[in-house]
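Structure record follows, encoded as structure tokens.
In the working numbering, the protein residues as written are 1 to 135.
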């Protein structure tokens, strides 16, 4: 299993993860659950109408983190790159009734899909680095 597959598997096993951004000079962090592994790339989604999207456009450097029940946590950070095509977002929305109720023509809301570039990932324990994943 390569590093990106390992990250995806960790997120599959721990479905709530946290996305950290910056708003001006203040940190912002929120729980997410949407990720999809497609053609060797790990994608995430946020609403393009939300502050998180605006924060990521202004400063695309983000970090994603989550912890498993054994106390090991993932830190995955890099530059968020939003997809130009809406095809992946449409497929994700079509597969989820909950997302389809939020992102549709009636609401006018769009789902912005992104992946991380220039990324680094680590698995850590409470006492330090467990493993650096080579991306």
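Using N, Cα and C, we set each Cβ at its ideal position, and we do this for glycine too.
Rounded separation between residue i and residue j - CA only
i, j, result
"residue 134", "residue 17", "21 Å"
"residue 15", "residue 33", "6 Å"
"residue 136", "residue 10", "Because the chain in this structure spans residues 1 to 135, residue 136 falls outside the shown range and cannot be described."
"residue 65", "residue 105", "32 Å"
"residue 112", "residue 5", "22 Å"
"residue 85", "residue 125", "38 Å"
"residue 61", "residue 99", "25 Å"
"residue 82", "residue 70", "33 Å"
"residue 67", "residue 92", "25 Å"
Closest by C-alpha distance to residue i, when choosing among the options
i, options, result
"residue 25", "82, 55, 6, 109", "55"
"residue 102", "46, 19, 38", "46"
"residue 40", "129, 69, 3", "3"
"residue 28", "19, 120, 110", "19"
"residue 49", "74, 88, 108", "108"
"residue 21", "42, 35, 57, 8", "57"
Terminal residues of the beta strand (DSSP E) in which residue i lies
i, result
"residue 118", "111-125"
"residue 63", "61-67"
"residue 36", "35-38"
"residue 43", "41-47"
Residue range of the alpha helix (DSSP H) that includes residue i
i, result
"residue 16", "It is not in any alpha helix (DSSP H) - residue 16 carries neither H nor E in the DSSP assignment."
"residue 93", "87-94"
Identity of the residues DSSP links to residue i by a beta bridge
i, result
"residue 27", "22"
"residue 131", "123"
"residue 82", "114"
Notebook entry, point to check: How about the segment 110-118 and the segment 67-84: do they share at least three Cβ pairs that are nearer than 8 Å?
Noted result: Yes, the segment 110-118 is in contact with the segment 67-84.
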